[in-house]
Amino acid sequence: MGNESINWDKLGFDYIKTDKRYLSYFRNGEWDKGTLTEDNVLHISEGSTALHYGQQCFEGLKAYRCKDGSINLFRPDQNAARMQRSCARLLMPHVSTEQFIEACKQVVRANERFIPPYGTGGALYLRPFVIGVGDNIGVRTAPEFIFSVFAIPVGAYFKGGLTPHNFQISTFDRAAPQGTGAAKVGGNYAASLMPGSQAKKAHFADAIYLDPLTHKKIEEVGSANFFGITHDNKFVTPNSPSVLPGITRLSLIELAKTRLGLEVVESDVFIDKLSDFKEAGACGTAAVITPIGGISYQDHLHVFHSETEVGPVTQKLYKELTGVQTGDIEAPAGWIVKV
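For the sequence shown, the positions run 1 to 339 when UniProt numbering is used.
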């Protein structure tokens, strides 16, 4: 597929085969140096632990075209660190930060023609992952592993970009207490397929998950993190061992504190205390920031700022974050890696 056939202004979040991806194998106790390949099909053993026991993890990050034509990678060291934690949780060898960032750079350079132009709101989304492979059948860690990175051009994850969406509280759990909720592993997302589908059939953007232990506190918004803005301008986001520590969430915490002067609170967000917030949103690499218009819980829709208009604090956070990512606003030290 040539980039001349891509309508940059109408990009969604769909798979598009690009030119090359990075592939590295872990054998005999070490990763090889890796290579770029045009083949987008993995050839793995039928006994691979990734297929049978869910021994795999992944990441998501973006590369942005700047106004001057340069390319920004946004906080790849944080993605590398989170993948290392996920690998440790699933007894997989970690990929060094140096190899992770170098692999991402190689993939961006090899697929530069697929980076959406500056000003379109799009980005080149990178999907690094590690999977357990090799001949195996018992419940044990794999004899071999694959680390790969591929890239696709993307637009907004939720249709409409920065427009409010309504969400529905799910009765299902995405992760277990003391489970893998804080690791970015496929099983957490497999658990979300049914509730997410049910929410969309009911005309909501996605499901919101409560804490798996008490079902009284908000944890995740689909595959994104939750944040709320209180009436006295505090930035509040859930603090729980089963919440995935998002890179966008981490960035918004710092920007809210240092750029907008908001008090940041990481604490429980009780479902019966939604009236404490004048604005709310979902944040993540794919979603960036999606304003939450309302949350449906027990047949009642609680509306925050508006179902149609973005709240002023959420708007400022979005402008600051995207400005940093595209190079229009000076980034905090260490946040941007030039490709």
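C-beta: ideal position from N, C-alpha, C; glycine also.
Item, Value
"Lys-216 versus Asn-136: straight-line alpha-carbon distance, rounded", "41 Å"
"DSSP state of Arg-65 mapped onto helix, strand, coil", "strand"
"Proximal residues to Ala-202 (C-beta, below 7 Å), its chain only, five neighbours per side dropped", "Gln-168"
"Trp-31 - partner residues in DSSP beta bridges", "Phe-26"
"Cβ shell of Arg-65 (< 7 Å), same chain only, five flanking positions each side left out", "Ile-71, Ile-115, Pro-116, Pro-117 and Tyr-118"
"Same chain only: Cβ atoms within 7 Å of Val-337, ignoring 5 sequence neighbours per side", "Leu-73, Pro-76 and Ile-101"
"Top-ranked residue by Cα proximity to Gly-293, from Ala-286, Gly-281, Thr-285 and Asp-299", "Gly-281"
"Coarse secondary structure for Arg-21, derived from DSSP in three states", "strand"
"For Pro-195, three-class secondary structure by DSSP", "helix"
"Residue nearest to Gly-138 in terms of C-alpha spacing, selected from Gly-179, Asp-268 and Thr-49", "Thr-49"
"Inter-residue spacing [alpha-carbon to alpha-carbon] between Phe-172 and Ile-208", "9 Å"
"Contact set for Ala-88: own chain, Cβ-Cβ below 8 Å, skip 5 residues either direction", "His-94"
"Continuous beta strand (DSSP E) stretch holding Asn-72: start and end", "71 to 74"
"Chain-order list of residues whose beta-carbon lies under 6 Å from that of Ser-192 (same chain, five-residue window excluded)", "Arg-174"
"Alpha carbon of Gly-187 to alpha carbon of Lys-67, nearest angstrom", "39 Å"
"Beta-carbon proximity of Ser-45 to Val-133, cut-off 8 Å", "yes"
"Under the three-state DSSP convention, the category Thr-326 falls into", "helix"
"DSSP three-state assignment for Gln-178, whether helix, strand or coil", "coil"
"Proximity winner among Phe-26, Arg-109, Tyr-125 and Met-83, relative to Leu-11 (alpha-carbon distances)", "Tyr-125"
"The beta strand (DSSP E) enclosing Lys-278, as first and last residue numbers", "277 to 284"
"Residues sharing a beta bridge with Thr-230, DSSP", "Phe-277"
"C-beta neighbour in chain B for Lys-67, strict 8 Å", "Looking for chain B here will not work: only one protein chain is present."
"Buried or exposed (CB count within 10 angstroms, at least 16 for buried), Lys-257", "exposed"
"Spatial distance of Phe-270 from Phe-227 (CA atoms)", "12 Å"
"Cutoff 8 Å; reference Leu-36; Cβ partners in own chain excluding five residues on either side", "Lys-20, Arg-21, Tyr-22, Leu-23, Gln-106, Val-107 and Ala-110"
"Straight-line gap, Glu-254 to Ala-81 (C-alpha atoms, nearest Å)", "18 Å"
"Complete runs of the alpha helix (DSSP H) confined to the segment 83 to 146 [at least 4 residues]", "97 to 110"
"Start-to-end residues for the beta strand (DSSP E) that takes in Glu-254", "Taken as a continuous stretch (DSSP letters only), Glu-254 belongs to no beta strand (DSSP E), being part of the alpha helix (DSSP H) at 247 to 258."
"Residues near Tyr-297 in its chain [Cβ-Cβ closer than 7 Å; skip 5 each side]", "Ile-169 and Ile-271"
"Reduced DSSP secondary structure (H/G/I, E/B, other) of Ala-151", "strand"
"Test item: CB-CB of Val-154 and Phe-13 under 8 Å", "yes"
"Exposure label - His-43; buried when at least 16 CB within 10 Å", "exposed"
"Boundaries of the beta strand (DSSP E) in which Asn-166 is found, first to last residue", "165 to 169"
"Coarse secondary structure for Val-313, derived from DSSP in three states", "helix"
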